[in-house]
Amino acid sequence: MQFTKIALAMAAVAASVFAEIDWHSDATIQCSKENWAAIKANADPMIPMAPIILSPEQKKVFDSIMNGATEMPANPSDDFIRALPDAIPVSILNQTAGKIIEPCLATATAEQPQPSEEQPSEEPQPSEEPQPSEEQPSEEPSGEEPSGSSDEEVPSSTAPQPTKCVPRQ
Numbered sequence: 383m384q385f386t387k388i389a390l391a392m393a394a395v396a397a398s399v400f401a402e403i404d405w406h407s408d409a410t411i412q413c414s415k416e417n418w419a420a421i422k423a424n425a426d427p428m429i430p431m432a433p434i435i436l437s438p439e440q441k442k443v444f445d446s447i448m449n450g451a452t453e454m455p456a457n458p459s460d461d462f463i464r465a466l467p468d469a470i471p472v473s474i475l476n477q478t479a480g481k482i483i484e485p486c487l488a489t490a491t492a493e494q495p496q497p498s499e500e501q502p503s504e505e506p507q508p509s510e511e512p513q514p515s516e517e518q519p520s521e522e523p524s525g526e527e528p529s530g531s532s533d534e535e536v537p538s539s540t541a542p543q544p545t546k547c548v549p550r551q
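Under the numbering used here, the first residue of the sequence shown carries the number 383, and numbering increases by one thereafter.
Here it is as structure tokens:
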């Protein structure tokens with residue numbers, strides 16, 4: 383029994399190293415549901431230790447959401463998952479379930495910023511068109527410098543070339 387407490391304490395310390403997970407967010411709820419079989423497999427063996435590791439307040443919440451069951455539900459509700467941080471120390475919850483859902487959360491988090499990034503990237507595209515044309519004249523004189531031609535030829539050859547280079551992009 384003492385060994386179990388030590389192991390849980392070590393797990394709690396190790397879990398504190400992980401990034402904080404918002405257990406009430408929709409992304410966390412969805413990722414938890416998608417990975418519930420693995421979470422349940424990790425959590426079910428720990429349920430008999432609940433009276434030892436939970437505070438009296440946490441135990442009340444835990445008993446309330448478990449309804450006397452000795453295993454986690456096969457298909458938890460959103461409310462069940464949202465109640466977990468109040469029933470289980472967050473450090474243990476992160477170690478038991480967080481490490482399983484972190485890849486899913488990383489993907490869910492990466493998907494959310496992409497639409498907002500696409501909108502700003504659409505706006506710079508029109509402004510990027512003039513920028514390449516500005517860069518092209520600077521490239522053209524550098525190309526003419528090695529040839530040693532006069533300065534008068536540079537402006538005349540510069541005008542048609544930007545229009546030719548813009549369609550390439």
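Just so you know, even glycine gets a beta-carbon here, dropped at the ideal spot from N, CA and C.
Query raised in the report: In the stretch 418-466, which residue ranges form an unbroken alpha helix (DSSP H) of at least 4 residues, counting only runs that do not cross its ends?
Result: 418-425, 432-435 and 438-448
Query raised in the report: Which class does Pro-485 belong to by DSSP, given the choice of helix, strand or coil?
Result: Here residue 485 refers to the residue found at position 103 when the sequence shown is read from its first residue. Taken through DSSP and simplified to helix, strand or coil, Pro-485 comes out as helix.
Query raised in the report: Buried or exposed: where does Ile-483 fall if 16 or more other Cβ atoms within 10 Å of its Cβ makes it buried?
Result: Residue mapping note: residue 483 aligns to position 101 of the sequence shown, counting from 1. Ile-483 should be labelled buried.
Report task. Within 10 angstroms of the Cβ of Ser-446, are there 16 or more other Cβ atoms? Answer buried if so, exposed if not. Result -> Indexing the sequence shown from 1 puts residue 446 at position 64. Classification of Ser-446: exposed, given that the 10 Å Cβ count is below 16.
Query raised in the report: Which value, in whole angstroms, describes the spacing of the CA atoms of Leu-487 and Met-431?
Result: By 1-based counting over the sequence shown, the position of residue 487 is 105. By 1-based counting over the sequence shown, the position of residue 431 is 49. Spanning the two alpha carbons is a distance of roughly 28 angstroms.
**Report entry** Limits of the alpha helix (DSSP H) - the one that Ile-411 falls within
**Finding:** Position 29 of the sequence shown holds residue 411. First-last of the alpha helix (DSSP H) with Ile-411: 408-416.
Report task. Using beta-carbon positions only, say whether Glu-453 and Ile-429 come within less than 8 angstroms of one another. Result -> Position 71 of the sequence shown, counted from the first residue, corresponds to residue 453. Position 47 of the sequence shown, counted from the first residue, corresponds to residue 429. Yes. Within cutoff.
Query raised in the report: If you compare alpha carbons, which of Pro-467, Asp-408 and Ala-451 is closest to Pro-427?
Result: If you number the sequence shown from 1, residue 427 lands on position 45. Considering only alpha carbons, the answer is Ala-451.
**Report entry** Boundaries of the alpha helix (DSSP H) in which Ile-474 is found, first to last residue
**Finding:** Within the sequence shown, numbered from 1, the residue matching residue 474 stands at position 92. Run containing Ile-474: 472-475, per the alpha helix (DSSP H) assignment.
Query raised in the report: Under a Cβ-count criterion, where at least 16 other Cβ atoms within 10 Å of its own Cβ denotes burial, should Ser-473 be classed as buried or exposed?
Result: Reading the sequence shown from its first residue, position 91 is the one you call residue 473. Label assigned to Ser-473: buried.
Query raised in the report: Any idea if Thr-410 is buried or exposed, counting beta-carbon neighbours within 10 angstroms, 16 or more meaning buried?
Result: On the sequence shown, residue 410 is found 28 positions in, with the first residue counted as 1. Thr-410 is buried by the Cβ-count criterion.
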